[in-house]
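Undergrad: Have a look at this one.
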């Protein structure tokens, strides 16, 4: 099997970067395995690499790749992440939503608006390197069937532009990564608007892609 390849893709537009990541994964990824989401299976065979993707102009059109199979549900997913339109399904359909983890992170009886805190930090100190939000709950997520793939987002204002980095433990490169990136670039725009700055570079890192 060997070591996990460390791949890097850079480009101006989201669709071109995602497409290049799929090609690079297929060409340079290793045959590997992961824990399965299927009850009857213990593991799934996968093509695997660590992937760093840099989108220099994330909000520049075209933002949509016509080869992505979930193209009709992209805006719905954006609403899910930013507005929490599917939070009511937690516990019945989902173990979590990113909106819940980022805007209403639960610690005991306390809910923390991490995005609100992130915005507050950057309003106070746009140069801060402490503006981040996390999703992983070690007291909970080792024992659920579907723990969050996103682990952390980090933001900083550079030259009047908001740069966002997202860090993922794993994700499905073909079925999930494009929608994730599309939605989180819109979250980047949401935060940038709060700060009254432009959308800057988007950086996306997956340990297992």
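Numbering (my numbering), first residue to last: 3 to 211. For glycine and all other residues, C-beta sits at the position ideal for the given N, C-alpha and C. Since the model is a prediction, treat every value here as computed from it, not as a measurement.
(1) What span of residues does the alpha helix (DSSP H) with residue 28 cover, start to end?
(2) For residue 167, which residues does DSSP report across the bridge?
(3) Between residue 147 and residue 39, which are expected to be in contact by the criterion C-beta below 8 Å, what is the C-beta distance as a whole number of angstroms?
(4) What residue does the alpha helix (DSSP H) around residue 47 start on, and which one ends it?
(5) Find the nearest neighbour of residue 191 within the set 60, 178, 94, 153, judged by alpha-carbon distance.
(6) Measuring only the C-alpha atoms, how far is residue 28 from residue 125?
(7) In whole angstroms, give me the CA-to-CA distance for residue 56 and residue 22.
(8) Write down the C-beta distance between residue 16 and residue 193 rounded to the nearest angstrom, noting that I regard them as a contact closer than 8 Å.
(9) One question on the structure: do residue 155 and residue 168 come within less than 8 Å of each other, judged by their Cβ atoms?
(10) What does the alpha-carbon distance come out to for the pair residue 201 and residue 165?
(11) Could you check whether residue 82 and residue 99 sit closer than 8 Å to each other, using their CB atoms as the reference points?
(12) Check whether the Cβ atoms of residue 184 and residue 76 sit closer than 8 Å, and answer yes or no.
(13) Measuring alpha carbon to alpha carbon, tell me which residue in 111, 136, 110 is nearest residue 118.
(14) Assuming residue 158 and residue 131 make a contact with CB atoms under 8 Å, what is their CB distance in whole Å?
(15) Should residue 72 be labelled buried (16 or more other beta-carbon atoms within 10 Å of its own) or exposed?
(16) Give me, in chain order, the residues of the same chain whose beta-carbon lies closer than 8 Å to that of residue 36; leave out the 5 immediate sequence neighbours on both sides.
(17) Tell me the DSSP secondary structure of residue 178 in three-state form.
(18) Please report how far the alpha carbon of residue 14 lies from the alpha carbon of residue 122, in whole angstroms.
(19) Which residues in the same chain have their Cβ closer than 6 Å to the Cβ of residue 149, if we skip the five residues on either side of it in sequence?
(20) Quick check: residue 153 and residue 141, are their CB atoms within less than 8 Å of each other?
(21) Cutting at 6 Å between CB atoms, please list the residues of its own chain near residue 19, excluding the five before and the five after it.
(22) Counting along the chain, where does the beta strand (DSSP E) carrying residue 12 start and finish?
TA: According to the structure shown:
(1) 16–30
(2) 156, 205
(3) 7 Å
(4) Careful: residue 47 lies outside any alpha helix (DSSP H), inside the beta strand (DSSP E) at 45–50.
(5) 60
(6) 42 Å
(7) 11 Å
(8) Not a contact, Cβ separation roughly 17 Å.
(9) Residue 168 sits close to residue 155, with the two beta carbons spaced by under 8 Å.
(10) Taking the straight line joining both Cα atoms gives about 7 Å.
(11) Contact: yes.
(12) yes
(13) 136
(14) 6 Å
(15) exposed
(16) Same-chain partners within the cutoff: 45, 46, 48, 50, 172, 210.
(17) coil
(18) For residue 14 and residue 122, the distance between alpha carbons rounds to 29 Å.
(19) 143
(20) no
(21) 11, 13, 55, 57
(22) Annotation for residue 12: the continuous beta strand (DSSP E) segment containing it runs 8–13.
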